[in-house]
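In full-length UniProt numbering, the protein residues as written are 1 to 218.
Now the structure itself:
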């Protein structure tokens with residue numbers, strides 16, 4: 001699902017554009033539930049493979065994870081971080097995606113910088129305070145980032161994007177979700193599926209109520 005037109009245009013700006021292909025990196029920020037993870041899932045570039053890493057992992061785990069996603073065959077060993085980093089920096093067809101960058105250990109940031117130095121684009125996401133923390137603690141990384149601040153979606157944005165919803169139906173979903181974009185995404189997707197399943201041209205209030213009831217029972 002594409003939450004609103006503004007966000008859709010931002011996603012499109014990532015795709016097939018020079019920024020990623022030139023090795024430029026981006027920080028995506030937003031409050032909990034604003035759809036950062038969903039946003040990262042939609043980031044694409046035609047000629048680059050996306051490597052997603054777990055920010056809670058150790059340095060060795062993260063480096064090995066990247067190489068394995070690139071189909072490198074080797075037996076992981078301790079104290080090989082420098083060799084692993086050198087191998088990663090030699091890769092030219094990859095974009096690295098890091099969700100919850102605020103969980104990344106401080107000792108890993110120098111390695112992230114080395115990857116950026118090698119023109120590997122890194123797309124990272126975190127809460128709004130991540131921007132300040134990076135600016136204060138890792139200025140050499142922050143100064144190279146384009147910051148994309150996700151804003152909450154309102155009913156008007158949703159209405160423009162999803163004309164299939166009957167009057168007042170989106171308002172019910174929006175009110176139920178209390179601003180949680182994850183829940184809103186899931187409910188709207190389910191409503192669209194129900195509409196197609198029933199071969200209808202519009203999402204009625206009955207469909208919305210049934211979807212919300214099913215969500216509460218899960």
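Quick reminder that beta carbons are idealized off the backbone N, C-alpha and C, glycines included. Computed from a predicted model, the values in this text were never measured in an experiment.
Contacting residues, own chain, Cβ-Cβ under 6 Å from residue i (five flanking each side not counted)
{"i": "residue 207", "result": "191 and 194"}
{"i": "residue 184", "result": "177"}
N- and C-terminal bounds of the beta strand (DSSP E) containing residue i
{"i": "residue 126", "result": "122 to 126"}
Buried/exposed call for residue i, threshold 16 Cβ in 10 Å
{"i": "residue 51", "result": "buried"}
{"i": "residue 201", "result": "exposed"}
{"i": "residue 215", "result": "exposed"}
{"i": "residue 56", "result": "exposed"}
{"i": "residue 126", "result": "buried"}
{"i": "residue 178", "result": "exposed"}
8 Å CB neighbourhood of residue i in its chain, flanking five on each side removed
{"i": "residue 199", "result": "none"}
{"i": "residue 140", "result": "113"}
Close Cβ partners of residue i (< 7 Å) along its chain, the five nearest in sequence each way excluded
{"i": "residue 66", "result": "51, 53, 88 and 96"}
Continuous alpha helix (DSSP H) stretch holding residue i: start and end
{"i": "residue 158", "result": "155 to 161"}
{"i": "residue 173", "result": "169 to 177"}
{"i": "residue 116", "result": "109 to 117"}
{"i": "residue 81", "result": "81 to 89"}
{"i": "residue 137", "result": "129 to 137"}
For residue i: DSSP bridge partner residues
{"i": "residue 96", "result": "51 and 122"}
{"i": "residue 27", "result": "124 and 147"}
{"i": "residue 203", "result": "165"}
Distance between beta carbons of residue j and residue i, contact taken as under 8 Å
{"i": "residue 34", "j": "residue 150", "result": "5 Å"}
{"i": "residue 128", "j": "residue 25", "result": "The Cβ separation is near 18 Å, so there is no contact."}
{"i": "residue 40", "j": "residue 134", "result": "That pair is no contact at about 17 Å."}
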